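Residue numbers (the numbering used here), protein chains in the order written: chain A, 19 to 368; chain B, 19 to 368; chain C, 19 to 368; chain D, 19 to 368.
Just so it is clear, CB atoms sit at the ideal spot from N, CA and C, and this is done for glycine as well.
If you're wondering where the values come from, they're calculated on a predicted model, not measured in any experiment.
To start, the structure itself, in structure tokens.
There are 4 protein chains.
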Amino acid sequence: MSEKIKVAVLGASGYTGSELVRLLLRHPAVEIVALSADSKAGRTMAEVFAQFTPFALPRLVKIDEIDLAGVDVVFCGLPHATTQVVLKKLLADKPSLKVIDLSADFRLSDPAAYEAWYGHAHQALDLQREAVYGLTEIHREKIAGARLVANPGCFTTCSLLPVLPLLSAGVIENDPIIIDAKTGMSGAGRAAKEGMLFSEVAEGIHAYGVASHRHTAELDQEYSLAAGQPVVATFTPHLTPMIRGIYATIYVRLAHGADAAKLQTVLAERYRAEPFVTVLPLGQVPQSRHVKGSNHVQIGVVADRIPGRAILISTIDNLVKGASGQAVQNMNLVCGLPETTGLDQIALFP
Amino acid sequence: MSEKIKVAVLGASGYTGSELVRLLLRHPAVEIVALSADSKAGRTMAEVFAQFTPFALPRLVKIDEIDLAGVDVVFCGLPHATTQVVLKKLLADKPSLKVIDLSADFRLSDPAAYEAWYGHAHQALDLQREAVYGLTEIHREKIAGARLVANPGCFTTCSLLPVLPLLSAGVIENDPIIIDAKTGMSGAGRAAKEGMLFSEVAEGIHAYGVASHRHTAELDQEYSLAAGQPVVATFTPHLTPMIRGIYATIYVRLAHGADAAKLQTVLAERYRAEPFVTVLPLGQVPQSRHVKGSNHVQIGVVADRIPGRAILISTIDNLVKGASGQAVQNMNLVCGLPETTGLDQIALFP
Amino acid sequence: MSEKIKVAVLGASGYTGSELVRLLLRHPAVEIVALSADSKAGRTMAEVFAQFTPFALPRLVKIDEIDLAGVDVVFCGLPHATTQVVLKKLLADKPSLKVIDLSADFRLSDPAAYEAWYGHAHQALDLQREAVYGLTEIHREKIAGARLVANPGCFTTCSLLPVLPLLSAGVIENDPIIIDAKTGMSGAGRAAKEGMLFSEVAEGIHAYGVASHRHTAELDQEYSLAAGQPVVATFTPHLTPMIRGIYATIYVRLAHGADAAKLQTVLAERYRAEPFVTVLPLGQVPQSRHVKGSNHVQIGVVADRIPGRAILISTIDNLVKGASGQAVQNMNLVCGLPETTGLDQIALFP
Amino acid sequence: MSEKIKVAVLGASGYTGSELVRLLLRHPAVEIVALSADSKAGRTMAEVFAQFTPFALPRLVKIDEIDLAGVDVVFCGLPHATTQVVLKKLLADKPSLKVIDLSADFRLSDPAAYEAWYGHAHQALDLQREAVYGLTEIHREKIAGARLVANPGCFTTCSLLPVLPLLSAGVIENDPIIIDAKTGMSGAGRAAKEGMLFSEVAEGIHAYGVASHRHTAELDQEYSLAAGQPVVATFTPHLTPMIRGIYATIYVRLAHGADAAKLQTVLAERYRAEPFVTVLPLGQVPQSRHVKGSNHVQIGVVADRIPGRAILISTIDNLVKGASGQAVQNMNLVCGLPETTGLDQIALFP
């Protein structure tokens with residue numbers, strides 16, 4: 019591919035935006051041609067994220083200042099609800115655009131589910147129907163042919179990958195599935211809120227959105243799809259005093275005849291050829307720090323001491339595999355590039 | 019009480035030891051007359067813990083250098099297995115001693131359970147029989163008359179308090195009870211281990227001892243006692259990048275006819291008069307940082323979106339209510355003092 | 019003293035406010051009768067700071083809702099500039115009030131210096147003249163007779179205590195004095211700002227306000243007073259990823275005939291009887307964590323390898339000795355109580 | 019270059035070792051053929067550093083198990099003193115080896131200085147004479163022709179780069195130069211020591227090695243070389259609760275006629291073409307987090323409010339530009355590769 023893919027990043031002043039820039043700057047087949055921000059339009063990227071000081075990058079602009087003619091792919095890191103309005107217009111203006119959307123706007127395929135979880139009717143139902151759920155390892159083929167990819171949530175990615183193959187294989191029961199998830203603070207974004215201040219969140223942990231977090235809707239959708247019948251899981255997220263990382267501890271009940279070793283085997287076989295998914299030997303437990311900064315997933319399976327139960331543990335970097343890394347992975351698919359292009363970062367540990 | 023209680027702290031160079039000293043130095047009815055350490059014997063406490071530089075304290079000595087004649091109460095913060103040998107000798111030498119033991123050696127009343135979890139026969143079976151399990155709010159009366167109190171584990175204290183009244187009241191099922199617990203690093207102690215270095219544990223989270231942590235044995239014992247029949251829970255601890263705090267997220271199934279509001283009511287009523295236990299209004303979630311440095315427990319109850327289930331959340335400071343604070347609380351009982359004496363520290367937040 | 023002192027805390031929803039409440043709740047001679055907040059008026063203190071959930075406290079109100087008739091002492095934790103307007107009115111309404119002000123408004127005795135550093139004329143010049151600079155160990159006698167105490171800044175307290183006695187004794191030169199200071203994040207307050215988010219400040223360090231921080235004005239004033247001639251110091255603060263703590267590394271030049279040992283002796287003698295100041299043996303270095311949560315100061319003196327120079331190191335908890343603790347210490351003086359009343363907290367380490 | 023360079027990493031179980039592996043695994047012209055560890059020999063790299071689980075790497079061996087015949091370049095991350103013995107033997111066995119040494123053993127060119135700072139005579143004086151000090155931007159030409167490169171210390175790299183051009187240009191005085199440096203904990207290595215435990219170092223800061231840190235010897239050597247006369251600086255390192263990062267705040271006196279703007283200009287011009295060094299506009303201050311994980315240096319210059327003085331601020335990642343990244347940079351030079359090969363990582367922020 020001699021000509022580079024021209025990409026625009028909308029919402030470049032947020033953390034998923036800066037992470038996209040980090041990855042795309044080193045992507046051999048991509049050229050960043052536009053970066054948008056809202057209140058920070060007019061500034062340089064270096065003013066907004068000083069790690070980019072050494073690099074040449076387009077100045078931040080308002081979305082309507084972007085000349086779509088020179089753009090092949092749009093990464094959209096805008097807030098929920100805004101996104102559907104913006105993308106509807108962009109795709110009307112240039113139907114040949116490819117879009118990787120990092121918001122929640124196009125993740126639910128059922129308009130009723132969307133309305134129930136988000137409290138208002140969807141503003142772009144056609145696009146919602148068209149969008150492909152971008153959990154790459156599961157929906158790879160549909161993603162490759164998509165114009166609009168709905169990149170999954172960070173909690174969702176981490177909670178789906180270890181469970182979906184087990185539901186499909188029928189080796190775990192549909193109920194209960196209990197997900198106790200822990201996230202680093204960058205998952206809460208860059209908006210200045212009292213509850214996200216260093217002094218408020220360092221040296222402590224707490225649950226939030228208990229039994230009501232919106233990522234749950236994605237879990238319902240994908241778990242049910244894999245199981246072939248409705249699955250409803252318990253999901254509790256916790257804010258943890260670290261910057262990056264999602265860590266999901268998932269409690270499942272074994273199907274008749276299955277044991278933890280069987281679960282490990284199903285997962286290991288399912289993901290054997292996957293470049294970004296590592297299934298650890300039975301009983302071995304991953305740590306979030308060992309995927310930090312990379313697009314990797316590590317999954318562990320442990321037998322409970324109580325017969326008939328097992329514990330699945332999964333970890334990703336919320337900004338990479340949980341957002342911008344998977345977005346680039348999806349762009350690679352959409353654009354016909356090898357899926358790992360530009361995603362060879364190794365985890366930064368220590 | 020004009021005469022002060024003379025206390026010795028064994029194992030004063032560890033974190034539960036220093037925390038005892040922090041509390042006892044400000045306890046109006048206590049005089050610290052001896053501090054022991056092993057490899058650090060001979061040093062001053064200020065050399066080992068510089069926060070004590072402004073205070074006069076006995077020099078660290080070996081245990082056998084302590085003159086028991088001048089000691090009324092011993093706090094024992096020695097390692098598991100060593101403890102039973104040391105205490106057997108001390109109590110033989112001076113049977114009138116009162117002992118608050120912070121190790122695991124006397125927590126299990128069943129010798130077979132001890133042997134199963136710790137891999138060797140107990141060396142002081144008489145004392146094991148005599149010891150009272152020191153979960154103050156539950157076993158207050160027996161503690162008041164005890165000579166040897168087995169202070170509960172930190173995870174255990176945090177996981178028992180929100181569950182025991184519910185089992186006793188029959189408002190939750192015995193199974194499944196799934197405890198996803200998170201601890202600060204000080205729970206791992208002060209021994210120099212690679213896995214506890216700052217660079218290894220900051221900026222990440224991981225589970226450990228999955229389905230095999232020894233505190234589980236205490237949970238079995240106390241849950242079963244409260245339920246009046248054998249209860250076996252799933253327990254997964256996680257190491258979190260904070261110094262202090264235990265945070266237990268507990269998934270339970272409601273008994274027929276009960277709902278989350280009922281659980282909150284049972285707990286609120288059970289603990290209404292307890293000075294150190296706060297049961298939050300239904301749906302409100304505690305944070306570990308709001309009990310840091312204090313002997314307080316905060317408990318929340320949240321309804322799951324799945325009918326028939328609820329989520330209990332409980333948090334303590336592992337070094338205070340989870341160890342040294344509860345130890346002082348128990349000493350107060352044993353010595354006939356008001357239970358809150360010397361324990362009026364308010365949580366240090368931020 | 020049978021009757022308790024009735025205190026109001028203005029600005030109770032900020033960190034110095036919550037720290038005052040933490041200390042005053044345990045102060046044996048004080049009753050908290052009013053708490054004010056601005057945007058958070060109407061809420062309970064527990065809603066704003068959940069560590070106070072177990073305690074009975076007045077609801078947060080607007081300042082003008084406070085009935086001054088029932089107030090003996092006001093602690094004022096309001097923002098700069100607002101403070102002078104508010105206090106002018108309060109003291110006009112009730113001249114017998116005692117006020118401990120934690121803002122910067124009354125720290126500079128020279129109106130011209132105030133105007134130069136703060137960019138506007140002072141609105142309460144009479145009070146500025148009246149106010150006593152509340153560095154307790156240095157101005158104890160004047161504080162005891164004061165109606166309005168201007169509590170020093172956190173950096174200032176930490177940077178003045180190790181230097182003033184040396185300037186007074188003439189054992190160091192006036193120039194250069196270079197202060198490289200590091201602060202925990204709580205010093206930046208509770209206002210929601212992007213730059214204070216956990217993800218922005220964890221895992222990194224940076225200087226700010228280099229050569230322009232307003233606390234420098236206080237240093238000039240007090241250094242010059244002690245030296246008996248104008249002293250101008252270099253001062254560079256740094257934001258450090260910890261919640262609490264000020265750590266000042268101070269580079270000084272020895273006066274003719276002096277050496278580092280002499281400096282240590284001067285300081286040790288000067289502070290021998292001070293309950294909150296510990297001067298370490300020559301060559302020993304303090305750590306900020308060993309004063310965390312306490313009103314203590316630890317000071318070290320180290321000889322440089324370069325003849326004629328020495329390094330002073332001083333550390334405090336910015337919210338305690340650097341703000342609310344010293345405020346209570348000053349209130350004790352003003353009210354004729356023993357200076358250490360209610361300030362017996364031992365540092366929370368680990 | 020069709021044939022890959024075959025490299026061995028000695029001391030791969032330490033942090034500089036793992037960081038070398040992180041960089042070299044993605045270096046297009048390199049093949050890792052051997053990894054040594056001492057007590058951990060026999061294990062896989064994934065067992066020792068789980069971030070490498072997805073990658074194929076040689077098993078850890080003892081040094082004498084390495085077949086030098088198949089090795090072109092050795093990176094040596096062994097402890098001080100051991101290094102000189104090991105390298106003497108290796109270079110005797112295979113004189114054509116290229117060695118990039120990350121220890122302190124060959125950094126001082128003067129045997130007397132070595133003996134004074136390290137307390138024993140050097141065991142490989144010939145090699146000490148031969149070794150080239152590997153501060154790439156300063157000694158690039160000599161490094162390109164070297165067989166043995168002594169990679170500089172982390173503090174040293176950070177403290178030399180902003181100062182050397184100013185000394186050479188004569189725009190600052192030789193005395194005083196006061197360096198107040200802050201380091202992340204990974205600089206202390208992976209050896210299990212009580213003082214490096216999370217609970218000991220989180221939530222606090224402290225100085226160490228005041229006026230005696232061995233990196234000072236390197237500063238003396240290089241500063242004096244640049245100034246053309248003996249220069250002796252004051253150097254105080256601090257341990258900061260972050261994993262990575264060096265932050266040096268350097269206080270200098272301006273030469274007659276110079277001002278801070280002049281300093282900024284000298285540095286900006288000196289480093290204009292350097293791919294890894296960014297000199298910020300006058301008055302702008304870098305943050306350590308903005309170089310984390312990258313080989314970049316950011317340098318700021320600020321005028322002091324006191325005439326005749328300026329403040330230089332410099333920051334690097336101690337494990338990259340301060341160790342393994344600069345080591346790869348030096349290897350590139352030694353092997354005739356473009357200097358930036360394999361070093362295109364962008365800082366990981368947030």
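Residues in the same chain with beta-carbon distance under 8 Å from residue i, minus the five sequence neighbours each way, listed in chain order, please.
i              : result
residue 47(C)  : 19, 22, 23, 353, 355, 359 and 360
residue 45(D)  : 346, 359 and 360
residue 292(B) : 155
Residue i by DSSP, collapsed to three states: which one?
i              : result
residue 199(B) : strand
residue 265(B) : strand
residue 241(D) : helix
residue 19(D)  : Summary for residue 19(D): the model assigns pLDDT 46, below 50, so the residue's position carries little reliability, and this model does not support an answer.
residue 62(D)  : coil
residue 108(A) : helix
residue 81(B)  : helix
residue 151(D) : strand
residue 28(B)  : strand
residue 271(A) : strand
residue 34(B)  : helix
residue 138(A) : coil
Using only alpha-carbon positions, find the residue among the options that is nearest to residue i.
i              : options                           : result
residue 264(D) : 72(D), 101(D), 52(D) and 206(D)   : 206(D)
residue 113(B) : 92(B), 317(B) and 123(B)          : 92(B)
residue 238(D) : 146(C), 86(C) and 324(C)          : 324(C)
residue 340(C) : 331(C), 152(C), 159(C) and 278(C) : 152(C)
residue 272(C) : 301(C), 219(C), 188(C) and 80(C)  : 188(C)
residue 50(B)  : 34(B), 58(B), 90(B) and 72(B)     : 90(B)
residue 150(D) : 56(D), 178(D), 367(D) and 348(D)  : 348(D)
residue 181(C) : 83(C), 318(C) and 218(C)          : 318(C)
For residue i, which residues of its own chain have a beta-carbon under 7 Å away from its beta-carbon, when the five flanking residues on both sides are left out?
i              : result
residue 96(B)  : 28, 29, 104 and 121
residue 183(D) : 284, 285 and 288
residue 336(D) : 172, 201, 202, 204, 205, 262, 263 and 264
Please go through the same chain and pick out, in chain order, the residues whose beta-carbon is closer than 6 Å to the beta-carbon of residue i, but skip the five residues on each side of it.
i              : result
residue 363(A) : 311 and 312
residue 61(C)  : 78
residue 38(B)  : 27, 93 and 342
residue 36(D)  : 67
List the endpoints of the continuous alpha helix (DSSP H) containing residue i.
i              : result
residue 335(D) : Segment: none, residue 335(D) is in no alpha helix (DSSP H) and carries neither H nor E.
Could you pull the start and end residues of the beta strand (DSSP E) that residue i belongs to?
i              : result
residue 168(A) : 166-168
residue 347(C) : Run containing residue 347(C): none in the beta strand (DSSP E); it sits in the alpha helix (DSSP H), 343-352.
residue 318(C) : 315-321
residue 116(C) : 116-119
residue 93(D)  : 91-94
- Query: Counting pairs of Cβ atoms below 8 Å between the segment 91-106 of chain A and the segment 114-124 of chain A, do you hit three or more?
  - Reply: Touching, yes, given that three or more Cβ pairs across the two stretches are closer than 8 Å.
- Message: If contact is defined by three or more beta carbon pairs under 8 Å, each pair taking one atom from either stretch, is the segment 247-254 of chain A in contact with the segment 230-246 of chain B?
- Response: no
- Query: Counting Cβ pairs, one atom from each stretch, are 3 or more of them under 8 Å apart for the segment 193-202 of chain C and the segment 189-197 of chain A?
  - Reply: no
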